[in-house]
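Residue numbers (the working numbering), protein chains in the order written: chain A, 2 to 341; chain B, 2 to 341; chain C, 2 to 341; chain D, 2 to 341. Single-structure report; data block below.
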């Protein structure tokens, strides 16, 4: 099967390229980038030169891509708004699309407008696109030809919380989330705020109280809880290139033991979820470079709250790794192909 | 005035030494360290060699130190438990002691035993020792001859919260705190967990749900609130040498404007508290190397909560800088002497 | 084929484990560690938990290991001196040994004693053990049952220099080498000098003028040059976990073009050597996590010297990756198996 | 005395501002920046907010600045080429100028054109401007009204080498220099190559074989040696914000003891030069944040060469600290005022 990565010059694009080049069952047939058109992949991404063969960046033209008969599956690693411009013609041309942007993550057009500041560019596709964290989604998503890959923070939050909300084990109104992200979460953004000396040694919050990912987090948690989930979400930047560490506080409606049983059941067959014993805290160091999410929880009897911690690699389980995992499951490959 | 630093080889000891050597009104007359006895300060701490003259590390013997007539003021940069062994004879010999350990921070012997796992080593001194964050303490502490300098996390938490609790502007039962600390918070500890490659790229929680500093935080917040304050306190380690970034969520009992007014009033004349406009978030990068604490807050109308953020240098405002500030105020020097 | 890693708890041990667990043609049947005996691998190395199955650390007993019939190939990731204690009984029991220590790298017992400060522990094995950088060694090493994997610095130095010395393209007496290494080069050493806050922000030389690797570098360069090669070798530590950047100055005996031709010919079929155009400098960022060595050179007409630069991952091409590559070639697997 | 910093928004501009605000004998009366015009200093540089008062950035207009009667001394922290546009009118208006750019560092117009790619913009001023490393310059520079502050790499190189070349203790033709610099050496440059994720974990050479600083290095070394000094200069970038570690190889014409005696004599009264014992290597960690240069040397009897190492903070002794030191000496303040 032939695949393409549209917008391959960003950090999640680069990870997609790396994983597809090393994938046992698919071929990476095209990579596009407005800024790198014509350049050999091996030169633009020296770390991949041993895998890149003579693949070159081509132009990012939606119509031309849609006309490429040999390519079945397109990964979109583009900014929100732009992704739709590609998703629509590709979808109409009968292609399959896995979109890493925010364009198809929300069920509600209104929410999209509220959080992203513009009308949804392709509302008619919104409901065709399931939102897929593979460990949590029902299997019926596998027939979809357009799939929304979740955001990085939301993945680190839903994996620990969804099983608990489904089981009514925490109070939906009590959730306070703090996340620390590596700088690649901002993409390959060239701005003064992101130059080395500005981020080095810097820890700080940002985007509070209404970071864009909040819309996606709340929508999904509410689906699981069948109730309002007015979560507090506090994102921060830390001086590392990769990784997200998330810490969640929520009122306990059950025992720590029962919480662990819910997780155990939910992730029994999941190769990418690591459940650590209570008192051992997930460490980004142990998940960076993997598609894994590590989870752990403690119970505070002083406050009757759970403190739940998780760690992922924002570019893998939080973006490109999860997209590959989605592909693997949709096409019946081993779930871990290209990811270990 | 002559001063001494007991336990000068740790990171906060080193900062004390640096600030005292450059202080316009006091002389650093002795530095002690069990591991560095006999070594010239200039060799052990090359970054201070231009200030160190021929000062050498001497032995850490409480009785001998108490007998040193020329020295008036002793800074104790020692582990808890050990600090008391020095504080007691020094105090009895009529010396003044500023203790950076946890030994004299708590009012309650029982709390000390609960959190530090041992009987308090000098209970009779406990009530002689005021707990002093200079911006928040009443002036009567200045007569004390033994003073407890607060912990790093607690300083980053009390500076934003105490004025609000005093004014009844937040709900005491609703407080959730997440803090990220640089690795020097663990001191100069030589253990596998603290070697460079283990901490590099690592973000993780630890010590939840009952970190030792919780005892000190709750005791102080409750004094300010005249109410129970069962706070959730989630400490984390980040791969930087220095700095603490704290993010606090609490139910609002007033407007954001009123919150800022409380801060403005509380810190009107404080040279070391920076109040940033709502929407600008404190950054450890801007306070590391200073004795400053930066504060900011936003209000979330979705949840009726304040999200309050602060940043300090754990070794300065969180330890040695604050101890110098205490000395400055006690002895009538300018508050910023040796600290800018 | 079944393999074992002896001394699996260090950083190169861990990399061996990771690569062998993911290798398509071999099985990792045993891992030993004095400090981790009895522990599940998945717990000790959480980043590998998705690959580790129920493998546990066993004791490091040479005789017992030699008696394990099922295991053919042993990787020794042990300190020098200790490695010999395992190599000898394993070799005598008919096993194959790939040794990552310095014990079998030198041809000369005297040199070993000079540089490592002790008599060689197994001189009779010294000549049985070829020193193998696969890109540079003759194929006859493939029959050996004990193989010395080269050091990290020496690999980053020989790959660029050996083809040039063989072709007489640089002056053997003029070589000045400066290398910067990440901290993992020192292994998982628990000492004050290696704690996070001591290495963070620190760049410094060490071990000059006679670092231990100098013995290995000179011996190999002299073999290639058929002449004395009194090289100057300046190693340094940089605050990164991994990577070596090496810069070499040598008098040119030919044109830059001819130099590049020698490299091109030497590495024509080498999947792991990247030859960058003159003026593009190897960057550790692009090789860390790979088994690659990137090379480049410029000519300075002012001084008639070449300036040659290389970059490797000290734990992969400089240690464990190279050991896996050696195994692949010895046993006829694809050279890149387990390494891409 | 009133001073101004022109181009105060860059990293060396910011350091100048910080040191002048804390200086006991001068007042910082104006700061200019094209990008920050009108902004309060306290907001643009939060780390300095406790010192900044109500100083605001003003426009960078040479004529207007020259007309400011109250200001005597101007520091230029501007790119080369641009600096001259300010230096000339200020000089002509009778002001004193300390220029941190390259514009007045070279004695030769031709060299300037060769290395900086443009005609010298103010050749008539070139000879009015002494090049001043205070520890090495003759006192007659103190009467000059325009002074060239040296570059960062050149300072780390000349401090160890000039006394040895003056004494004929090393061979001028044999010098090979490798330097590693923190990223702030590139200034506050907003370009993809300088964003956090691109520099993090990256060690690499650049600008070889003819980095711009080579012109300045050779010109000064040749003056000291009264001979050609065709040095090899290999600059590199390391993933730290600040610091330069330099390692120099040169043929010995004397003993190590004599080398140390030359240094001892040259720097007998220098508060900012630290001479470390042979075998102890300068560490950037110990000089960052200070105006110090640490030096050390070993002798290699195998090659009859000295290996000389030095470390500075590129923004202090390599730029702004040295400029303040120049001011202190010119105006008769203590050499260390504002610098300790």
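In this text, a Cβ means the ideal position worked out from N, Cα and C, and glycines have one as well. None of the values given here were measured: they were computed from a predicted structure.
Own chain partners of residue 212 (chain C) with C-beta closer than 7 Å, once the 5 adjacent residues on each side are dropped: Mapped onto the third chain, residue 212 (chain C) falls at position 211. Here the set comprises 234 and 236.
Members of the segment 280-298 of chain C that neighbour chain A once the beta carbon cut-off is set at 9 Å: Taking a C-beta cut-off of 9 Å against chain A, the contacting residues of the segment 280-298 of chain C are 281, 283, 284, 286, 287, 288, 289, 290, 291, 292, 293 and 295, listed in chain order.
Segment contact, 8 Å Cβ cut-off, at least three pairs: the segment 44-59 of chain D with the segment 291-302 of chain B: yes
Secondary structure, beta strand (DSSP E): runs of 3+ residues fully inside the segment 66-150 of chain C: 74-77, 97-100 and 147-149
CB contact flag (residue 101 (chain B), residue 78 (chain B), <8 Å): Within the second chain, the letter at position 100 stands for residue 101 (chain B). Within the second chain, the letter at position 77 stands for residue 78 (chain B). Going by C-beta atoms, residue 101 (chain B) is nearer than 8 Å to residue 78 (chain B).
Check whether residue 339 (chain D) and residue 135 (chain D) have beta carbons under 8 Å apart: For the purposes of this step, residue 339 (chain D) is identified with residue 338 of the fourth chain, where counting begins at 1. For the purposes of this step, residue 135 (chain D) is identified with residue 134 of the fourth chain, where counting begins at 1. Going by C-beta atoms, residue 339 (chain D) is not nearer than 8 Å to residue 135 (chain D).
Proximal residues of chain A, C-beta to C-beta of residue 200 (chain D) below 8 Å: As a first step, residue 200 (chain D) is located in the fourth chain; it is residue number 199 there, counting from the start. Annotation: Cβ neighbours of residue 200 (chain D) in chain A (cutoff 8 Å, chain order): 197.
Simplified DSSP assignment, three categories, for residue 252 (chain A): Residue 252 (chain A) sits at position 251 when you count from the first residue of the first chain. Residue state, collapsed to three classes: strand.
Within-8 Å CB hit, residue 10 (chain C) to chain E: Any reference to chain E falls outside this structure, whose protein chains are A, B, C and D.
Coil, strand or helix - residue 163 (chain C) by DSSP: In the third chain, residue 163 (chain C) corresponds to position 162, counting from 1. Residue state, collapsed to three classes: helix.
Neighbour flag for residue 18 (chain D) against chain A, beta carbons, 8 Å: On the fourth chain, residue 18 (chain D) is found 17 positions in, with the first residue counted as 1. By this cut-off, residue 18 (chain D) is not an interface position.
Closer than 8 Å to chain A by CB, residue 124 (chain C): Indexing the third chain from 1 puts residue 124 (chain C) at position 123. Chain A, which has no Cβ nearer than 8 Å to the Cβ of residue 124 (chain C), makes this no.
Neighbouring residues, chain D, relative to residue 193 (chain A) (Cβ below 8 Å): Within the first chain, numbered from 1, the residue matching residue 193 (chain A) stands at position 192. Result: 189 and 191.
Under 7 Å from the C-beta of residue 111 (chain C): neighbouring residues of chain D: Against the third chain, residue 111 (chain C) aligns to sequence position 110. Here the premise fails: no neighbours, minimum Cβ distance about 15 Å.
Within chain B, the residues that residue 341 (chain D) reaches when beta carbons sit closer than 7 Å: Locating residue 341 (chain D) in the fourth chain gives position 340, counting from the first residue. At a C-beta separation below 7 Å, residue 341 (chain D) has these neighbours in chain B: 23, 51 and 52.
Interfacial residues, the segment 309-335 of chain A to chain B, with Cβ spacing under 8 Å: 310 and 312
Contact list for the segment 224-252 of chain A against chain D, Cβ threshold 9 Å: If the cut-off is 9 Å between Cβ atoms, the segment 224-252 of chain A has 240, 241, 242 and 243 near chain D.
Given residue 279 (chain A) as reference, the closest of B:197, B:224 and B:206 once Cα atoms are compared: As a first step, residue 279 (chain A) must be located in the first chain, where it is residue number 278. Checking every option, the nearest Cα to that of residue 279 (chain A) belongs to B:206.
Residue span of the alpha helix (DSSP H) that contains residue 326 (chain D), given as start and end: In the fourth chain, counting from the first residue as 1, residue 326 (chain D) sits at position 325. Where residue 326 (chain D) is concerned, the enclosing alpha helix (DSSP H) stretches over 321-331.
Cβ distance (whole Å) where residue 291 (chain D) is taken to contact residue 246 (chain D) below 8 Å: Walking along the fourth chain from the start, residue 291 (chain D) turns up at place 290. Walking along the fourth chain from the start, residue 246 (chain D) turns up at place 245. Actually they do not touch by this definition, with Cβ atoms about 15 Å apart.
At least 3 beta-carbon pairs within less than 8 Å: the segment 321-338 of chain B vs the segment 296-310 of chain B: The segment 321-338 of chain B, when compared against the segment 296-310 of chain B, does not touch it at the 8 Å Cβ threshold.
Residue 217 (chain A) and residue 107 (chain A) closer than 8 Å at C-beta: Sequence index remark: in the first chain, residue 217 (chain A) carries index 216 (1-based). Sequence index remark: in the first chain, residue 107 (chain A) carries index 106 (1-based). Yes, these two residues count as a Cβ contact at 8 Å.
Chain C residues whose Cβ lies nearer than 8 Å to that of residue 301 (chain D): The residue given as residue 301 (chain D) occupies position 300 in the fourth chain. Under the 8 Å cutoff, chain C gives 209, 210, 211 and 233.
Residue 239 (chain A) in three-state terms, based on DSSP: Here residue 239 (chain A) corresponds to residue number 238 of the first chain, with the count starting at 1. For residue 239 (chain A), the three-state secondary structure derived from DSSP is coil.
Minimum Cβ-Cβ distance from residue 47 (chain B) to chain D less than 8 Å: For the purposes of this step, residue 47 (chain B) is identified with residue 46 of the second chain, where counting begins at 1. So, interface residue.
Contact under 8 Å by Cβ, residue 249 (chain A) with residue 264 (chain A): Here residue 249 (chain A) refers to the residue found at position 248 of the first chain. Here residue 264 (chain A) refers to the residue found at position 263 of the first chain. No.
Which listed residue (D:74, D:80 and D:21) has its alpha carbon closest to that of residue 34 (chain D): Along the fourth chain, read from residue 1 onward, the residue named residue 34 (chain D) stands at position 33. If we check each option's Cα against that of residue 34 (chain D), D:80 comes out closest.
For residue 183 (chain A) and residue 244 (chain A), believed in contact at Cβ under 8 Å, the rounded distance: On the first chain, position 243 is the one that residue 244 (chain A) refers to. On the first chain, position 182 is the one that residue 183 (chain A) refers to. Contact flag correct, Cβ pair sits at about 5 Å.
Nearest neighbour of residue 273 (chain B), chosen from B:319, B:149, B:98 and B:214 [CA to CA]: Numbered from 1 along the second chain, position 272 holds the residue referred to as residue 273 (chain B). Minimum Cα distance to residue 273 (chain B) is reached at B:319.
For residue 149 (chain B) and residue 130 (chain B), believed in contact at Cβ under 8 Å, the rounded distance: Start at 1 with the first residue of the second chain, and residue 130 (chain B) comes out as number 129. Start at 1 with the first residue of the second chain, and residue 149 (chain B) comes out as number 148. Confirmed, about 5 Å.
Contact set between residue 185 (chain B) and chain C, taken where Cβ atoms lie within less than 8 Å: Position 184 of the second chain, counting from 1, holds the residue named residue 185 (chain B). Per Cβ cutoff of 8 Å: 198.
DSSP state of residue 231 (chain B) mapped onto helix, strand, coil: Position 230 of the second chain holds residue 231 (chain B). Correct three-state label for residue 231 (chain B): coil.
Residue 20 (chain D) (DSSP reduced to helix, strand or coil): Within the fourth chain, numbered from 1, the residue matching residue 20 (chain D) stands at position 19. The answer is helix: DSSP assigns residue 20 (chain D) an H, G or I state.
Separation of residue 281 (chain C) from residue 199 (chain D), as counted between CA atoms: Taking the first residue of the fourth chain as position 1, residue 199 (chain D) is located at position 198. Taking the first residue of the third chain as position 1, residue 281 (chain C) is located at position 280. So the two alpha carbons sit approximately 15 Å from each other.
Partner residues on chain D for residue 181 (chain C), Cβ-Cβ distance less than 8 Å: For the purposes of this step, residue 181 (chain C) is taken as the residue at position 180 of the third chain. Per Cβ cutoff of 8 Å: 181, 204, 237 and 239.
Simplified DSSP state of residue 193 (chain C), which is helix, strand or coil: The residue you call residue 193 (chain C) lines up with position 192 of the third chain. In the structure shown, residue 193 (chain C) sits in a helix (DSSP, three-state: H, G or I).
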